[in-house]
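Chemist:
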Amino acid sequence: MIKEKIQQLANDIFDDVVANRRHLHSHPELSFHEIETSVFVARKLEELGIEYHKMADTGLVALIKGDKPGTEVVALRADMDALPILEANDVPYKSQNEGVMHACGHDVHTSSLLGVAKILTELKSEFGGTVKLIFQPAEEKLPGGASLMIQQGVLENPKPSAVIGQHVMPLIDAGKVGFRSGKYMASTDELYVTVKGKGGHGAQPQQNVDPVIITAHILTALQQVVSRFADPKSPSVLSFGKVIANGATNVIPNEVYLEGTFRTMDEGWRAEAHIKMKKMAEGIAESMGGSCDFKIMKGYPFLINEEKLTASVRGFAEDYLGKENVLDLDIWMAAEDFAYYSQVADSCFYRLGTRNEARGITSSVHTPTFDIEESALEQSVGLMAYLAVKQLGN
Numbered sequence: 001m002i003k004e005k006i007q008q009l010a011n012d013i014f015d016d017v018v019a020n021r022r023h024l025h026s027h028p029e030l031s032f033h034e035i036e037t038s039v040f041v042a043r044k045l046e047e048l049g050i051e052y053h054k055m056a057d058t059g060l061v062a063l064i065k066g067d068k069p070g071t072e073v074v075a076l077r078a079d080m081d082a083l084p085i086l087e088a089n090d091v092p093y094k095s096q097n098e099g100v101m102h103a104c105g106h107d108v109h110t111s112s113l114l115g116v117a118k119i120l121t122e123l124k125s126e127f128g129g130t131v132k133l134i135f136q137p138a139e140e141k142l143p144g145g146a147s148l149m150i151q152q153g154v155l156e157n158p159k160p161s162a163v164i165g166q167h168v169m170p171l172i173d174a175g176k177v178g179f180r181s182g183k184y185m186a187s188t189d190e191l192y193v194t195v196k197g198k199g200g201h202g203a204q205p206q207q208n209v210d211p212v213i214i215t216a217h218i219l220t221a222l223q224q225v226v227s228r229f230a231d232p233k234s235p236s237v238l239s240f241g242k243v244i245a246n247g248a249t250n251v252i253p254n255e256v257y258l259e260g261t262f263r264t265m266d267e268g269w270r271a272e273a274h275i276k277m278k279k280m281a282e283g284i285a286e287s288m289g290g291s292c293d294f295k296i297m298k299g300y301p302f303l304i305n306e307e308k309l310t311a312s313v314r315g316f317a318e319d320y321l322g323k324e325n326v327l328d329l330d331i332w333m334a335a336e337d338f339a340y341y342s343q344v345a346d347s348c349f350y351r352l353g354t355r356n357e358a359r360g361i362t363s364s365v366h367t368p369t370f371d372i373e374e375s376a377l378e379q380s381v382g383l384m385a386y387l388a389v390k391q392l393g394n
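Structural data, given as structure tokens:
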């Protein structure tokens, strides 16, 4: 049976997948600068005899066609970029690019998809249909590599009936995966706000227009966007993580600078909230004698897992890993540019468990101590290969 063949191949190539992952982890590159990563992936595809073409500068797209009859097309996506983080792990494969680290598992995703390519190449005689491999740059930085690749036709010629992606999750034990049908991850927008007043001596407030006080009112009032205007059945988050007044104990500054994020799972409400936030902040500032420059940098849309596809893929995962190793996921208010695929094609984005508490591998993504339990790589490559073959109708 094909499941057993895939499981055996996943075991056979495990050491190669680990080696590829460690190479990528040692040589991380930032978003839109994945030059050597792209060269590495291209070389590995060439070794397998897989043709590819470049897209979005450093991205690659490849096709693997089964020898049996079949017209279905399934796309598998892996992101390749790293983060501007100084790695704190003391491991042989520690980042050699100081200040840059694969702290979100994209090295896992890329090495896994290369492993899937090897398995599917070995099994071409066993399936029909086409698997499209998407090695995508710049998930971590707006406008997102996914949006660029879609604009450049990654979902055309041939057009996939499904797009499947995975992401590491250190909250889940290695050997397990997680799924959620429907809305799963939030949209994300970056907020850049400057509140302007008139600075001066702290002992003479009557001579000034205090932007600190204006900012305090704006910050408090803006929470009404979430607590009073948003539908309580639709999650929304508004957070400000940077507030810079830059005055002194007796100095009222001329302006206050803020940065924040707004996230939700409803595109209509998202657009409405943008208008409300801007109007409210500007109105409050004006009513208090100041002004407000409220800029919104629109980010990724919300991610939705198509229900029929997700049910199908989850069933295949239960068959491959065992029902006890397939978990339910809650909504996740983080963002992911895989959402762009989910907005234009039937898509499924699931989580790969990478946790090993006994070995102390528990750190969250986007931290200097993030790492994975590498045994998860065997399940990663085998499961994704199995999902592709089964989704093609084999």
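Numbering-wise, the working numbering puts 330 at position 330 of the sequence shown, and it's gapless, one number per residue. Note that CB positions come from ideal geometry on N, CA and C, so glycine has one too. Fair warning: this is a prediction, and the values are worked out from it, not measured in the lab.
#1: Is there contact here, the segment 182 to 195 with the segment 295 to 306, by at least three beta-carbon pairs under 8 Å?
#2: Among K308, D371, F40 and I284, which has the Cα closest to the Cα of M101?
#3: With 16 as the cutoff for other CB atoms within 10 Å, does M1 come out buried or exposed?
#4: S406 to V116, Cα distance in whole Å?
#5: G192 to V251, Cα distance in whole Å?
#6: Taking the alpha helix (DSSP H) that T215 falls in, what are its first and last residues?
#7: Measuring only the C-alpha atoms, how far is E51 from V61?
#8: Just reading off the beta strand (DSSP E) that F302 is part of, what are its end residues?
#9: When the Cα of L48 is compared with those of L114, H33 and A10, which residue comes out closest?
#10: What's the C-alpha gap between T310 and H23?
#11: Among all the DSSP beta bridges, which residues are the ones paired with I244?
#12: Please return the same chain residues whose Cβ sits closer than 6 Å to the Cβ of G105, not counting the five positions on each side in sequence.
#13: What are the uninterrupted segments assigned as alpha helix (DSSP H) that are 4 or more residues long and contained completely in the segment 81 to 118, given in chain order?
#14: So S112 and V17 are in contact, right, with Cβ under 8 Å, and what is the actual spacing, rounded?
#15: Identify whether L155 lies in helix, strand or coil by the three-state DSSP scheme.
#16: Contact between the segment 278 to 295 and the segment 163 to 180: three or more CB pairs below 8 Å?
#17: Report the rounded CA-to-CA distance for Y184 versus T367, giving the unit in angstroms.
#18: Using a Cβ-Cβ cutoff of less than 6 Å, which residues in the same chain neighbour I218 once the five nearest sequence positions on both sides are dropped?
#19: Which residue from N11, S342, P205 and G70 puts its Cα closest to that of R77?
#20: So for N11, helix, strand or coil by DSSP?
#21: Please name the residue, chosen from I244, Q152, A345 and K3, that lies closest to K54 on a Cα-to-Cα basis.
Modeler: In short, the structure shows the following:
#1: yes
#2: Taking the sequence shown and counting its residues from 1, one reaches residue 101 at position 101. Selected option, being the one with the closest Cα: D371.
#3: Counting from one through the sequence shown, the residue named residue 1 turns up at place 1. Its Cβ having fewer than 16 others within 10 Å, M1 is exposed.
#4: The shown model of the chain, from 1 to 394, leaves out residue 406, and the question about it has no answer.
#5: Here residue 192 refers to the residue found at position 192 when the sequence shown is read from its first residue. Here residue 251 refers to the residue found at position 251 when the sequence shown is read from its first residue. Going by the sequence as given, residue 192 is Tyr instead of Gly. Answer to the nearest angstrom: the Cα atoms are 24 Å apart.
#6: As a first step, residue 215 is located in the sequence shown; it is residue number 215 there, counting from the start. Taken as a continuous stretch (DSSP letters only), the alpha helix (DSSP H) holding T215 covers P211 to Q224.
#7: For the purposes of this step, residue 51 is identified with residue 51 of the sequence shown, where counting begins at 1. For the purposes of this step, residue 61 is identified with residue 61 of the sequence shown, where counting begins at 1. About 9 Å.
#8: Against the sequence shown, residue 302 aligns to sequence position 302. Segment: none, F302 is in no beta strand (DSSP E) and carries neither H nor E.
#9: Position 48 of the sequence shown, counted from the start, is the residue given in the question as residue 48. It is L114.
#10: Against the sequence shown, residue 310 aligns to sequence position 310. Against the sequence shown, residue 23 aligns to sequence position 23. C-alpha separation (whole angstroms): 32 Å.
#11: Counting from 1 along the sequence shown, the entry for residue 244 is found at position 244. Answer is Y257, bridged to I244.
#12: By 1-based counting over the sequence shown, the position of residue 105 is 105. Excluding positions up to five away in sequence, the list reads V168.
#13: none
#14: Here residue 112 corresponds to residue number 112 of the sequence shown, with the count starting at 1. Here residue 17 corresponds to residue number 17 of the sequence shown, with the count starting at 1. About 7 Å; that satisfies the 8 Å criterion.
#15: Position 155 of the sequence shown holds residue 155. Here L155 sits in coil by DSSP.
#16: no
#17: As a first step, residue 184 must be located in the sequence shown, where it is residue number 184. As a first step, residue 367 must be located in the sequence shown, where it is residue number 367. Near 23 Å, if we compare the C-alpha coordinates of T367 and Y184.
#18: Here the question's residue 218 lines up with position 218 in the sequence shown. Within the same chain, I218 has close Cβ partners A281 and I284.
#19: In the sequence shown, the residue the question calls residue 77 occupies position 77. R77 has its Cα closest to that of S342, out of N11, S342, P205 and G70.
#20: The residue given as residue 11 occupies position 11 in the sequence shown. Helix at N11.
#21: Here residue 54 is taken as the residue at index 54 of the sequence shown, counted from 1. Minimum Cα distance to K54 is reached at Q152.
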